[in-house]
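With the UniProt record's numbering applied, the sequence shown corresponds to residues 1 to 601, in that order. This report refers to the structure that appears directly beneath it.
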Amino acid sequence: MGGSQSREGLELSDSEYSDDDEEEKEEQDSGNYADAEDRTPQVSAKVLDEVDSRLQALKLKYPKSSSPVPQKPNVGLKNAVKLYLHIGGNTPKAKWVVSEKLSSYKFVKKLKIDDEYDDEDDELGIREGFWVLKVGKKIKVKVSTDLQMKFFGDQRRVDFVDCGVWALKFFGDEDYRNFVTKFQDCLFENVYGLRPTEENKVKIYGKEFLGWVKPEESDDSVWEDADAGVWKSPEKRPVEFPERENQDLLEEFEEAATDGGIQSLALGALDNSFLVGDSGVQVVKNFSHGIHGKGVYVRFGDQKLGSSSGNSRTPKKALLMRGETNMMLMSPQKEGKPQSTGLHQLDIETGKIVTEWKFEKDGTDITMKDITSDAKGSQLDPSESTFLGLDDNRLCQWDMRDKKGIVQKLANASSPVLHWTQGHQFSRGTNFQCFATAGDGSIVVGSLDGKIRLYSRTSMRQAKTAFPGLGSPITSVDVTYDGKWVLGTTDTYLILICTLFTDKDGKTKTGFAGRMGNKIPAPRLLKLTPVDAHLAGADSKFHAGHFSWVTEGGKQEKHLVATVGKFSIIWNFQQVKNSAHHCYQNQQGLKSCYLQNSVEG
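Here it is, written out as structure tokens:
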């Protein structure tokens, strides 16, 4: 990935980017140049003077030097564009080449991606099916966030991924704006199944979230004010834990497991963090400048990590507990399904599975799909015995101190049962996916439909605030220690939300403590550039986005971290919040922060 950002940021022009056909033609022309010069007839000075005098008599007016921006060809071609392709990957020879000097695009509806039927007169919502972007004969792809579409307003250009990295260069400002508007409308209809009318947008987002629909009308001041003045958290708890500063933007972890990727990341506040893979837990050391190096590798070996029925599965979730000396591992009950009927308790110091726990409520076995600490930092408590659980329609707290919960070796016939202490089982439709807790125990929950809900620590029955999301499933969520910021992970982007608001009495609150009003600021998106997304691999997705570790009040998280394949991607939190940062210039729609530099490990 290293250096791709600098390459993709260059303006596309014929002088900077090569066309293989043109290069070959130029070589042929230059090879014949000398012969042609020899054959050129000599013209006398008298003839030249006569030609010059006639030209002056015509009083011709010549235009001033023109702009380097390509002029729109006068060929009557609708939606004309110039198509470029990025080649060379991550090598020093990487560059853009002209794929088609003159092409055209169109958005058409199809029932199947390989449907040969095209209707150039299609209007939004007339035909069934989904919207497809076609560019000449080389591009035919469904309109979705998988395209990793990036807009360059100042260059009248868009970049995207489709079995390679492509760029469209438009011949005029209006042409560019028309494409962006049409693309966003088609994306809305593909995601929500509704025509992109103002009425339908309000129906999807709600009146309180109109800033998400029209980000240009949203108040961005909260992004700069959140950590200053009345918004600033009070200083408390003098206890200090290691901070991680000056982290490189991109660091590559060498995976110890050769038979699969990292399934879960458990950030430690003390000496170590843990990468859970297919065959064991890799222990990595925490340093002041980030997470580096391979430490001890705890292999599962022949230890059973499946259900009590004997089915062995790879752990997908990990939770540190009891002063970070123990880890709870959750493996799916069935392949392809996230639900688990229980947990395995790993003693990190010995590398042994010491207990297999079962989820049970009112004498009936139930499943969970995610687990997390009661509060951010509670994993440091050596006597910690409770944690939270989540399923499609369940949010609850589990207690290991049940009478049956005496530490039991796996050799024993029965497994100890976790005790359901509080929680709620919702009716159908919540589709919970993941959750996390703030320092005071407030809970944020992400859902399959993209919604993000905020619950107070005292009530798991009703969300105080519910953000509509952008349609993509939330696969992971995190929240800052003070509860001011929420980070949601999807396959193709991270979404950063500010939860602060002022109530009718003028008091400053977070969305965990009360219902936010109608001036909710628009979120920001964190993405890879199309070039970096392509280099990461076709199946690489964002995983486990989270804030850098803070376990005390009065401290501010410094970085946002996520994994893509074997890479760890890191954003500077302060830069993301800075509305004046160059990353946000000339953007349309929700502000998107891209990976600015990259260092390959």
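No residue lacks a Cβ here, since even glycine has one placed at the ideal position from N, Cα and C. Here the structure is a predicted model, which means the values were calculated and not measured.
- A residue is called buried once 16 or more other Cβ atoms fall within 10 Å of its Cβ, and Thr490 is buried on that count.
- Beyond the five residues adjoining it in sequence on each side, Thr367 comes within less than 8 Å, by CB distance, of Gln333, Gln339, Ser340, Thr341, Phe359 and Asp391 in the same chain, given in chain order.
- Going by DSSP, Glu356 is part of the beta strand (DSSP E) stretching over Lys352 to Lys358.
- In this structure, Gly511 is the residue among Gly488, Leu320 and Gly511 with its C-alpha nearest to the C-alpha of Thr499.
- The beta carbon of Gly446 lies closer than 6 Å to those of Gln433, Cys434, Ile452, Ile474, Val477 and Gly488 in the same chain, with the five residues before and after it left out.
- Under a 10 Å Cβ-count criterion, Glu189 is classified as buried, with 16 or more other Cβ atoms of the shown protein chains found around its own Cβ.
- Relative to Asp159, the option among Ser221, Val132, Leu111 and Tyr84 whose CA is nearest is Tyr84.
- Burial state of Gly450 is buried, judged by a 10 Å Cβ sphere holding 16 or more other Cβ atoms.
- In the DSSP assignment, Cys593 falls within the beta strand (DSSP E) that extends over Ser592 to Tyr594.
- Cys498 is bridged by DSSP to Trp485.
- In this structure, His559 and Ser548 form a Cβ contact; the two beta carbons are roughly 4 Å apart against a cut-off of 8 Å.
- Fewer than three beta-carbon pairs drawn from the segment 458-466 and the segment 532-541 are found closer than 8 Å, and the two stretches are therefore not classed as touching.
- With respect to the C-alpha of Arg177, the residue from Arg157, Met328, Gly206 and Ser331 having the closest C-alpha is Arg157.
- Assignment of Ser378 by DSSP, reduced to helix, strand and coil, places it in the helix class.
- Here the alpha carbon of Trp398 sits roughly 5 Å from the alpha carbon of Phe387.
- Under the DSSP assignment, Glu100 falls outside any alpha helix (DSSP H), being part of the beta strand (DSSP E) whose first and last residues are Lys95 to Lys110.
- Beta-bridge pairing by DSSP links Gln148 to no other residue.
- The alpha-carbon of Met328 is positioned some 12 Å away from that of Val281.
- For secondary structure counted as the alpha helix (DSSP H) over 4 or more consecutive residues, the segment 542-582 holds these complete runs in sequence order: 573-577.
- Thr510 sits in a strand when the DSSP states are folded into three classes.
- Secondary-structure assignment with DSSP links Ala436 through a beta bridge to Val444.
- CA-to-CA, the gap between Thr421 and Cys396 works out to about 8 Å.
- Within 10 angstroms of the beta-carbon of Cys163 lie fewer than 16 other beta-carbons, which makes it exposed.
- In the same chain as Tyr192, and ignoring 5 residues on each side of it, the C-beta atoms closer than 7 Å to its own belong to Ile204 and Gly471, in chain order.
- For Ile371, the closest alpha carbon among the candidates Leu319, Ala94 and Asn79 is that of Leu319.
- With a contact defined as Cβ atoms closer than 8 Å, His534 and Val161 qualify at about 5 Å.
- By the Cβ-count criterion, Ser442 is buried, with 16 or more other Cβ atoms from all chains shown falling within 10 Å of its own Cβ.
- Linking Glu356 to Leu346 through their CA atoms gives a straight-line distance of about 9 Å.
- Separation of the CB atoms of Trp223 and Lys577 is rounded to 5 Å, and the pair is thereby assigned contact status at 8 Å.
- When the beta-carbon positions are compared, Asp381 and Thr437 stay at least 9 Å from each other.
- Boundaries of the beta strand (DSSP E) around Lys317: Lys317 to Met321.
- Annotated three-state conformation of Ser340 is strand, per DSSP.
- Per DSSP, the continuous alpha helix (DSSP H) segment holding Asp532 begins and ends at Pro530 to Ala536.
- When secondary structure is reduced to three states using DSSP, Ile204 falls in the helix class.
- At a Cβ-Cβ threshold of 9 Å, Lys138 and Glu100 count as neighbours.
- In the DSSP assignment, Tyr176 falls within the alpha helix (DSSP H) that extends over Asp173 to Tyr192.
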